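A.B. asks: Taking our numbering, I'd label the letters of the sequence shown as residues 9 to 710. Here it is, the structure, as structure tokens.
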Amino acid sequence: MTTNQDQGPEEPEQPRHSERSVVRLQRRGSDEPRDVDLHERVQGSKPGSRFLRLTRLREQKLRRVAEHEFEATKVALRPAPPAGRAWATLRRVLIGEPLASSALSRERLSKTKALAIFSSDNLSSSAYATEEILLVLILVGTGALTNAVPISLAIAVLAAIVATSYIQLVKAYPRGGGAYDVTKENIGERASLLAGSTLIVDYVLTVAVSTAAGVAAITSALPELRDLRIELAVGFVALLTLGNLRGIRESGNLFAIPPYFFIVTFGGMVAIGLVRLALGHDISAPLQSDAVPEGTHALTVFIILRAFASGAAALTGIEAIADGTPSFKPPEAKNAATTLGWMAAILATLFVSTTLLATQLDIVPSESKTVVAQIAAAVFGSESPFFYAVQVATAMILILAANTAFAGLPTLASVMARDGVMPKQFAFRGDRLSFSNGIIVLGIVSSIVLVIFAADTHKIIPLYAFGVFMAFTLSQAGMVIHWRRTREPGWRRALVLNAVGMITTGVVAVIVGGTKFLDGAWLSMAIMAALFVVLWQIRSHYVDAGKQLGHGLTGAQMVAEHFYVASSGRPQNVIVPIDEINRAVLRTMAYARTLSPTATAIHVTDEPAEAEALREQWEQSVPDVPLVIVASPYRSLIEPILAYIDVLDRSQPNQLVTVVLPEFVPKHFWHRFLHNQLSLRLKRALMNRHNIVVVDVPYHFR
Numbered sequence: 009m010t011t012n013q014d015q016g017p018e019e020p021e022q023p024r025h026s027e028r029s030v031v032r033l034q035r036r037g038s039d040e041p042r043d044v045d046l047h048e049r050v051q052g053s054k055p056g057s058r059f060l061r062l063t064r065l066r067e068q069k070l071r072r073v074a075e076h077e078f079e080a081t082k083v084a085l086r087p088a089p090p091a092g093r094a095w096a097t098l099r100r101v102l103i104g105e106p107l108a109s110s111a112l113s114r115e116r117l118s119k120t121k122a123l124a125i126f127s128s129d130n131l132s133s134s135a136y137a138t139e140e141i142l143l144v145l146i147l148v149g150t151g152a153l154t155n156a157v158p159i160s161l162a163i164a165v166l167a168a169i170v171a172t173s174y175i176q177l178v179k180a181y182p183r184g185g186g187a188y189d190v191t192k193e194n195i196g197e198r199a200s201l202l203a204g205s206t207l208i209v210d211y212v213l214t215v216a217v218s219t220a221a222g223v224a225a226i227t228s229a230l231p232e233l234r235d236l237r238i239e240l241a242v243g244f245v246a247l248l249t250l251g252n253l254r255g256i257r258e259s260g261n262l263f264a265i266p267p268y269f270f271i272v273t274f275g276g277m278v279a280i281g282l283v284r285l286a287l288g289h290d291i292s293a294p295l296q297s298d299a300v301p302e303g304t305h306a307l308t309v310f311i312i313l314r315a316f317a318s319g320a321a322a323l324t325g326i327e328a329i330a331d332g333t334p335s336f337k338p339p340e341a342k343n344a345a346t347t348l349g350w351m352a353a354i355l356a357t358l359f360v361s362t363t364l365l366a367t368q369l370d371i372v373p374s375e376s377k378t379v380v381a382q383i384a385a386a387v388f389g390s391e392s393p394f395f396y397a398v399q400v401a402t403a404m405i406l407i408l409a410a411n412t413a414f415a416g417l418p419t420l421a422s423v424m425a426r427d428g429v430m431p432k433q434f435a436f437r438g439d440r441l442s443f444s445n446g447i448i449v450l451g452i453v454s455s456i457v458l459v460i461f462a463a464d465t466h467k468i469i470p471l472y473a474f475g476v477f478m479a480f481t482l483s484q485a486g487m488v489i490h491w492r493r494t495r496e497p498g499w500r501r502a503l504v505l506n507a508v509g510m511i512t513t514g515v516v517a518v519i520v521g522g523t524k525f526l527d528g529a530w531l532s533m534a535i536m537a538a539l540f541v542v543l544w545q546i547r548s549h550y551v552d553a554g555k556q557l558g559h560g561l562t563g564a565q566m567v568a569e570h571f572y573v574a575s576s577g578r579p580q581n582v583i584v585p586i587d588e589i590n591r592a593v594l595r596t597m598a599y600a601r602t603l604s605p606t607a608t609a610i611h612v613t614d615e616p617a618e619a620e621a622l623r624e625q626w627e628q629s630v631p632d633v634p635l636v637i638v639a640s641p642y643r644s645l646i647e648p649i650l651a652y653i654d655v656l657d658r659s660q661p662n663q664l665v666t667v668v669l670p671e672f673v674p675k676h677f678w679h680r681f682l683h684n685q686l687s688l689r690l691k692r693a694l695m696n697r698h699n700i701v702v703v704d705v706p707y708h709f710r
């Protein structure tokens with residue numbers, strides 16, 4: 009809305025910044041006035057005309073909070089260009105309206121939702137950990153499969169130890185860094201970077217393993233989809249990425265039902281199966297078409313340890329609650345510890361029961377049907393709706409198990425970014441208050457892993473468990489040092505618990521690393537080592553940058569020394585590269601003169617005659633600005649300008665040189681490829697040189 013003012017030589021008085029400038033307009037057909045903020049003055053099309061552009065309060069881009077303090081409103085997020093508006097509309101459709109930071113407290117999770125989000129990975133492992141144990145024991149023969157039950161019981165005890173240890177960790181370190189935070193404070197930076205690198209790798213593998221296992225459950229029920237397993241897996245990762253970009257609370261609403269559906273159906277399957285066995289019912293799994301392999305190995309301690317290492321993948325996901333503690337509703341630590349206890353109890357029950365059923369039903373691993381699918385077929389019948397319900401629930405929980413990583417890794421990455429060991433971009437929250445950059449990167453990298461390993465669970469799992477137990481061991485070692493250092497009430501009992509956890513998980517890490525090394529654990533170890541080096545380099549860069557940018561700025565005198573150019577009294581060296589005389593060049597030159605009265609134009613040419621013509625035209629049009637012509641017989645444009653700057657630098661060492669560049673801003677984005685190529689090349693060359701300031705002066709095409 010605009011209103012024309014009286015024309016005249018004198019401009020109306022500007023409103024003071026400390027006052028609210030409001031115009032009260034009469035609404036047509038109504039006696040009630042409405043408030044409209046005076047936003048800006050606009051030059052009219054006729055000489056001397058001025059316009060006041062009036063903006064309704066609800067359309068303000070800035071809201072005054074206090075003197076010299078404003079707050080950007082949601083209106084400021086609306087892009088002006090059509091392409092920008094289209095992209096903003098698509099973002100709103102896919103991930104929803106942006107949320108204000110004040111809404112963060114409402115995005116916290118209750119224990120019920122948190123159990124669904126953070127426990128999916130841990131609970132889902134009960135659907136494939138038993139099969140991983142049987143795949144090792146079958147190398148000895150079918151008679152060795154009964155050893156799966158004591159192995160599962162040992163893993164359940166290990167889960168109780170680790171869960172108890174992590175409950176201690178959550179209460180002591182509720183910030184959300186988990187093993188990284190504990191090791192950083194108690195062991196040192198190198199140990200924390202090792203813990204961080206192992207967790208990052210394992211979160212990526214969590215997404216890959218869980219999605220691949222979920223697709224395997226689907227193809228067990230629908231074998232005709234087996235050739236599409238890579239496409240299905242990548243598609244599910246994309247859906248999870250999109251769902252998590254919508255925010256923590258909304259992703260909780262989207263993904264809360266499937267985990268509980270899994271607990272009911274899967275728990276019902278094992279309960280009914282065990283009751284029927286106890287009552288003496290004759291139930292057996294349908295025979296598979298796969299030939300049962302004959303034993304090729306002797307039952308040795310190494311085989312038992314290898315089976316134990318394979319089944320220990322059931323413990324993955326415990327770390328996620330420690331990393332995601334800040335996402336819980338207050339009191340965060342107490343709610344996280346309670347949820348972790350629930351998770352460990354449910355996991356142990358489902359995992360041991362599944363293993364017991366598999367051995368009692370004489371189930372043998374098959375390439376065409378998972379162990380869980382065989383158990384469901386034996387308990388309910390392969391054509392029963394309950395069989396398909398179990399398969400659907402298993403597929404959903406396995407796919408949503410990846411959501412645990414989407415909840416844990418972005419939070420961990422934000423903590424590490426704030427500590428300066430990961431790029432700062434990972435510390436920023438997106439439109440929906442989630443750590444969007446971490447979510448997007450996790451989705452992309454895990455999809456690459458799925459493509460490389462053909463979405464095959466058995467190929468990915470050997471890479472998986474070592475890093476989990478390395479992180480467990482480092483975190484428990486850090487907690488032992490923490491209790492010895494702080495000596496808080498009850499510290500002796502807590503120290504014993506964490507010491508037991510440290511020793512146990514350390515032994516398991518050695519077992520997993522040794523037994524799975526040739527199967528693929530070496531690759532995950534190499535990636536963790538490389539990531540450690542990358543994190544160390546990032547940390548070193550931020551430390552060095554901090555010293556160069558901020559070291560010594562502790563007093564007004566020290567700060568003032570950095571304004572040597574302004575305080576020296578000497579005019580700045582300002583140059584404007586030009587190729588012709590046009591409106592953009594003249595506008596840029598006028599701006600350069602505001603920086604320094606000695607601003608100079610420079611023209612590089614390989615045609616002396618054309619240069620002389622330009623000089624004559626320049627002296628007639630801009631007589632008060634000198635023009636320097638640099639001949640370039642080798643037809644180079646950038647290097648002669650750099651050489652001229654070198655001459656200025658030698659004549660006035662350590663003096664800043666400001667290069668002011670005209671830059672065209674065309675109406676359509678593709679027009680940009682037709683302009684500014686010389687400016688872009690010159691900027692790239694200048695940005696790597698010391699004592700150079702580059703200024704762009706945009707000229708907008710109408």
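Glycine included, C-beta positions come from ideal geometry on N, C-alpha and C. The model shown is predicted, which means the values in this text are computed figures rather than measured ones.
Quick check: the Cα distance between Trp626 and Lys691, rounded to an integer number of angstroms?
C.D. replies: Residue 626 sits at position 618 when you count from the first residue of the sequence shown. Residue 691 sits at position 683 when you count from the first residue of the sequence shown. Their backbone Cα atoms lie some 25 Å apart in a straight line.
A.B. asks: Quick one: complete alpha helix (DSSP H) runs, 4+ long, within the segment 116-202?
C.D. replies: Entirely contained in the segment 116-202, the alpha helix (DSSP H) runs reaching 4 residues are, in chain order, 119-126, 128-132, 137-145, 156-180 and 187-194.
A.B. asks: Below 8 Å CB to CB, which residues in the same chain sit around Val520 once its five sequence neighbours on both sides are set aside?
C.D. replies: Residue 520 sits at position 512 when you count from the first residue of the sequence shown. So the qualifying residues of the chain are Ala317, Ala320, Ala473, Phe474, Phe477 and Ala529.
A.B. asks: When you compare the CB positions of Pro266 and Leu450, do they come within less than 7 Å of one another, or not?
C.D. replies: Working through the sequence shown from its first residue, we reach residue 266 at position 258. Working through the sequence shown from its first residue, we reach residue 450 at position 442. No, the pair does not count as a contact, with Cβ atoms beyond the cut-off.
A.B. asks: Within its chain, find whatever has a CB closer than 7 Å to the CB of Thr191; leave out the 5 residues flanking it on each side and keep chain order.
C.D. replies: As a working note, residue 191 is residue 183 in the sequence shown. Excluding sequence neighbours, Thr191 sits near Ala199, Ser200, Ala203, Leu482, Ser483 and Gly486.
A.B. asks: I need the DSSP call for Ala310, collapsed to helix, strand or coil.
C.D. replies: As a first step, residue 310 must be located in the sequence shown, where it is residue number 302. Strictly speaking, residue 310 in this sequence is Phe, with Ala absent from that position. Three-state result, Phe310: helix.
A.B. asks: Note down the Cα distance separating Lys179 from Thr346, rounded to an integer number of angstroms.
C.D. replies: Sequence index remark: in the sequence shown, residue 179 carries index 171 (1-based). Sequence index remark: in the sequence shown, residue 346 carries index 338 (1-based). About 11 Å.
A.B. asks: Just the Cα atoms here: how many angstroms apart are Phe461 and Pro470?
C.D. replies: If you number the sequence shown from 1, residue 461 lands on position 453. If you number the sequence shown from 1, residue 470 lands on position 462. Each residue's Cα considered, the two are about 12 Å apart.
A.B. asks: Find out if the Cβ-Cβ distance for the pair Met351, Ser127 is shorter than 7 Å.
C.D. replies: The residue labelled residue 351 in the question sits at position 343 within the sequence shown. The residue labelled residue 127 in the question sits at position 119 within the sequence shown. In contact: Met351 and Ser127 (Cβ atoms closer than 7 Å).
A.B. asks: Rounded to a whole number of angstroms, what is the C-alpha to C-alpha distance between Arg7 and Val457?
C.D. replies: For residue 7 there is no data in the structure shown, the boundaries of the chain being 9 and 710.
A.B. asks: Starting from His466, trace the beta strand (DSSP E) both ways and give me its first and last residue.
C.D. replies: Numbered from 1 along the sequence shown, position 458 holds the residue referred to as residue 466. Looking at the DSSP string, His466 is not in any beta strand (DSSP E); the run it does join, the alpha helix (DSSP H), is Thr465 to Ile468.
A.B. asks: For Ala435, which residues of its own chain have a beta-carbon under 7 Å away from its beta-carbon, when the five flanking residues on both sides are left out?
C.D. replies: The residue labelled residue 435 in the question sits at position 427 within the sequence shown. Correct list, in chain order: Ser422, Ala425 and Arg426.
A.B. asks: Where does Asn581 fall in DSSP's three states?
C.D. replies: Against the sequence shown, residue 581 aligns to sequence position 573. Three-state result, Asn581: strand.
A.B. asks: For the putative contact between Ile653 and Val665, defined by C-beta atoms under 8 Å, what is the C-beta separation to the nearest angstrom?
C.D. replies: In the sequence shown, residue 653 corresponds to position 645, counting from 1. In the sequence shown, residue 665 corresponds to position 657, counting from 1. The Cβ separation is near 5 Å, so the contact holds.
A.B. asks: Run through the segment 336-390 for me and flag every whole alpha helix (DSSP H) of 4 or more residues, listed as ranges in chain order.
C.D. replies: Whole alpha helix (DSSP H) segments, 4+ residues: 340-368 and 379-388.
A.B. asks: Using DSSP bridges, identify the partner residues of Val745.
C.D. replies: Past the edges of the chain, shown from 9 to 710, lies residue 745, and the structure says nothing about it.
A.B. asks: Quick test of your reading: Ala366 and Thr227, contact by CB under 8 Å. State the CB separation rounded to the nearest angstrom.
C.D. replies: The residue you call residue 366 lines up with position 358 of the sequence shown. The residue you call residue 227 lines up with position 219 of the sequence shown. Actually they are not in contact, since the Cβ atoms of Ala366 and Thr227 sit about 20 Å apart, beyond 8 Å.
A.B. asks: Go through the segment 446-486 residue by residue and report every complete run of the alpha helix (DSSP H) that reaches 4 residues or more, in order.
C.D. replies: Whole alpha helix (DSSP H) segments, 4+ residues: 465-468.
A.B. asks: In angstroms, rounded to a whole number, what distance separates the CA positions of Ser495 and Leu207?
C.D. replies: Position 487 of the sequence shown, counted from the first residue, corresponds to residue 495. Position 199 of the sequence shown, counted from the first residue, corresponds to residue 207. One point to set straight first is that residue 495 is Arg, not Ser, in the sequence displayed. Taking the straight line from one Cα to the other gives about 28 Å.
A.B. asks: Per DSSP, which one or two residues make a beta bridge with Ala409?
C.D. replies: One-based indexing of the sequence shown puts residue 409 at position 401. The partner list for Ala409 (beta bridge, DSSP) is empty, contrary to what the question assumes.
A.B. asks: Please look up how many angstroms separate the CB atoms of Leu358 and Leu131, rounded, as I've assumed it's under 8 Å.
C.D. replies: If you number the sequence shown from 1, residue 358 lands on position 350. If you number the sequence shown from 1, residue 131 lands on position 123. Yes, they are in contact, since the Cβ atoms of Leu358 and Leu131 sit about 7 Å apart, within 8 Å.
A.B. asks: Buried or exposed for Pro706, going by 16 or more other Cβ atoms inside 10 Å?
C.D. replies: Numbered from 1 along the sequence shown, position 698 holds the residue referred to as residue 706. It is exposed - the Cβ of Pro706 has fewer than 16 other Cβ atoms within 10 Å.
A.B. asks: Would you be able to state if there are at least three C-beta pairs under 8 Å between the segment 630-637 and the segment 597-614?
C.D. replies: The segment 597-614 vs the segment 630-637: in contact.
A.B. asks: Pick helix, strand or coil for Thr613, following the three-state DSSP scheme.
C.D. replies: Position 605 of the sequence shown, counting from 1, holds the residue named residue 613. Reduced to three states, the DSSP call for Thr613 is strand.
A.B. asks: CB Val551 to CB Ala600, shorter than 7 Å?
C.D. replies: As a working mapping, residue 551 is identified with position 543 in the sequence shown. As a working mapping, residue 600 is identified with position 592 in the sequence shown. No, they are not a contact pair.
A.B. asks: From the DSSP output, in three-state form, read off Arg36 for me.
C.D. replies: The residue labelled residue 36 in the question sits at position 28 within the sequence shown. A caution first: Arg36 carries a pLDDT of 48, below 50, which makes its placement in the model unreliable, though a value can still be read off. In the structure shown, Arg36 sits in coil (DSSP, three-state: anything other than H, G, I, E or B).
A.B. asks: Report the rounded CA-to-CA distance for Ser29 versus Phe709, giving the unit in angstroms.
C.D. replies: The residue labelled residue 29 in the question sits at position 21 within the sequence shown. The residue labelled residue 709 in the question sits at position 701 within the sequence shown. With a pLDDT of 47 at Ser29, under the threshold of 50, the modelled position of that residue is not reliable, and the figure given next carries that caveat. The straight-line gap from Cα to Cα measures roughly 32 Å.
A.B. asks: Under the rule that 16 or more other beta-carbon atoms within 10 Å means buried, what is Gly332, buried or exposed?
C.D. replies: Here residue 332 refers to the residue found at position 324 when the sequence shown is read from its first residue. Gly332 is buried by the Cβ-count criterion.
A.B. asks: Please list, in chain order, all residues of the same chain as Ala168 whose beta carbon is under 8 Å from its beta carbon, the five residues on each side excluded.
C.D. replies: Indexing the sequence shown from 1 puts residue 168 at position 160. Answer for Ala168: Ala352 and Ala356, listed in chain order.
A.B. asks: Thinking Val223 and Ala241 are a contact (beta carbons under 8 Å), I'd like their distance in whole angstroms, please.
C.D. replies: Indexing the sequence shown from 1 puts residue 223 at position 215. Indexing the sequence shown from 1 puts residue 241 at position 233. Contact holds; Cβ gap of about 5 Å.
A.B. asks: Return the first residue and the last residue of the alpha helix (DSSP H) that Ile519 is part of.
C.D. replies: Against the sequence shown, residue 519 aligns to sequence position 511. Per DSSP, Ile519 belongs to the alpha helix (DSSP H) from Trp499 to Thr523.
A.B. asks: Let me know the secondary structure DSSP gives Val429 once reduced to three states.
C.D. replies: To locate residue 429, count along the sequence shown from 1; it is residue 421. Three-state DSSP puts Val429 in coil, outside helix and strand.
A.B. asks: Mind reading off the beta-carbon distance from Ser335 to Leu177? Whole number of angstroms is fine, and I expect it under 8 Å.
C.D. replies: Start at 1 with the first residue of the sequence shown, and residue 335 comes out as number 327. Start at 1 with the first residue of the sequence shown, and residue 177 comes out as number 169. Not confirmed; about 16 Å, so no contact.
A.B. asks: If the criterion is Cβ atoms closer than 7 Å, does the pair Ala410 and Val215 meet it?
C.D. replies: Within the sequence shown, numbered from 1, the residue matching residue 410 stands at position 402. Within the sequence shown, numbered from 1, the residue matching residue 215 stands at position 207. For Ala410 and Val215, yes; Cβs fall inside 7 Å.
A.B. asks: Once the 5 residues before and after Gln433 are set aside, which same chain residues still bring their CB inside 6 Å of it?
C.D. replies: If you number the sequence shown from 1, residue 433 lands on position 425. These residues qualify, in order along the chain: Asn445.
A.B. asks: Below 8 Å on the Cβ atoms is my guess for Val453 versus Ser361; work out the distance and round it to an integer in Å.
C.D. replies: Taking the first residue of the sequence shown as 1, we reach residue 453 at position 445. Taking the first residue of the sequence shown as 1, we reach residue 361 at position 353. The Cβ separation is near 35 Å, so there is no contact.
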